[in-house]
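In our numbering, the protein residues as written are 2 to 108.
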């Protein structure tokens, strides 16, 4: 059961990273799968951020506290990426434009 959990977490993290990091690769993933990956990745990263925060607050000052303090914003930025990705999933495809581009029929 342990290795199944580890494998599941690894798949969610790798799949979520792929969806967030590469627009062409993310576009090939079906919409519902993208949505599930982003939700699960966001929840995992919230747990990681909470764990880092707990370690930073309750641990004695030292290198582990510094690492935990750096881990909180790092995990938080992944959560923010997931939220923005989920928000983009809710946007109708016709209104999506490339960065700096004009919507179709404008200009």
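Virtual Cβ for every residue (Gly too), placed ideally from N, Cα, C. Predicted, not measured: the structure shown is a model, and the values here were computed from it.
Label residue i either buried or exposed according to how many other C-beta atoms from any shown protein chain fall within 10 Å of its C-beta, with 16 as the threshold for buried.
i: residue 50; result: buried
i: residue 85; result: exposed
i: residue 69; result: buried
i: residue 67; result: exposed
i: residue 79; result: buried
Within this structure, are the beta carbons of residue i and residue j separated by less than 9 angstroms?
i: residue 20; j: residue 45; result: no
i: residue 43; j: residue 87; result: yes
i: residue 4; j: residue 90; result: no
If you reduce the DSSP assignment to three classes, tell me which class residue i lands in.
i: residue 14; result: helix
i: residue 52; result: helix
i: residue 9; result: helix
i: residue 43; result: helix
Residue range of the alpha helix (DSSP H) that residue i falls in?
i: residue 25; result: 24-29
i: residue 74; result: 64-91
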